[in-house]
Amino acid sequence: MIRINLNPRKTKKKARDLKFKFLFVLLLISYVIMASSFFYLKKKEDNTSIQVAKINSEIKKYKKIEKEINKIKKETEEIEKRIDVIISLIRDNPLVIRSIDFTIRQLPVGKVALSKLSAQKYNINVSGQGESLKAIASFMKRLEEKNFVKKVYLTGTKRDNKNKLINFNLKIETKDEF
């Protein structure tokens, strides 16, 4: 009788099945690892996008603040320039400054407004608007009452139809000593 040993085939088949099972489990584990890595990275990307959006909104807020700071710096520089001009005027032309200050102090409050004022050594030219001729006359009278003024001349008046005010021009002659 002939005997055939079938064991090696079964063991080969079992080994092959075991290899397939091992490969299947290995593929399954690698797919799980890849999927979990994908979802982890996707979540990390979403979190990063949220952080970038927050940072961008903060940057916009700070840019607005920076614009305000720059605006304030420009205003500060402009004010400093004006202060320097005023200081130089006071230092270089005290007579002119005193004559301008004197003229402004004589204004009837709320009734006369000056739009232009220029001063030379002994003359002051004034342009402005008055509520009425009476208010302008009161302003002129106040000026003439002061010791420093020689004479006040009304060089022109004209009624403004838009706002019902009277435009006027004055020439003020001052004495040598102010």
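Residues 3 to 180 in our numbering are what the sequence shown spells out, letter by letter. Every residue, glycine too, gets a C-beta built ideally from N, C-alpha and C.
Contact set for residue i: own chain, Cβ-Cβ below 6 Å, skip 5 residues either direction
i, result
"isoleucine 168", "Gly132, Thr159 and Arg161"
"tyrosine 124", "Thr176"
"lysine 153", "Glu175"
"isoleucine 99", "Leu91 and Ile92"
"serine 129", "Ser117, Lys118 and Asn171"
"alanine 204", "The requested residue 204 is not part of the displayed model; the chain covers only 3 to 180."
Three-way DSSP call (helix, strand, coil) for residue i in this model
i, result
"isoleucine 57", "helix"
"lysine 15", "helix"
"lysine 46", "helix"
"lysine 166", "coil"
"phenylalanine 148", "The identity of residue 148 in the sequence shown is lysine, whereas the question assumes phenylalanine. Three-state DSSP puts lysine 148 in coil, outside helix and strand."
"lysine 63", "helix"
"lysine 177", "coil"
"isoleucine 31", "helix"
"isoleucine 52", "helix"
Residue i - partner residues in DSSP beta bridges
i, result
"asparagine 171", "Ser129 and Gly158"
"lysine 153", "Glu175"
Spatial neighbours of residue i in its chain, beta-carbon cut-off 7 Å, leaving aside the 5 residues before and after
i, result
"serine 140", "Pro110"
Residues near residue i in its chain [Cβ-Cβ closer than 8 Å; skip 5 each side]
i, result
"asparagine 58", "none"
Quiz item: Can we say the stretch 70-84 touches the stretch 100-114, given the rule of at least three CB pairs closer than 8 Å?
Solution: Contact fails: fewer than three Cβ-Cβ distances are below 8 Å.
Quiz item: On the three-pair Cβ rule with 8 Å, is the stretch 96-110 touching the stretch 130-147?
Solution: Yes, the stretch 96-110 is in contact with the stretch 130-147.
Self-check item: Every unbroken beta strand (DSSP E) inside the stretch 68-144 [3 residues or more]
Solution: Entirely contained in the stretch 68-144, the beta strand (DSSP E) runs reaching 3 residues are, in chain order, 114-121 and 125-132.
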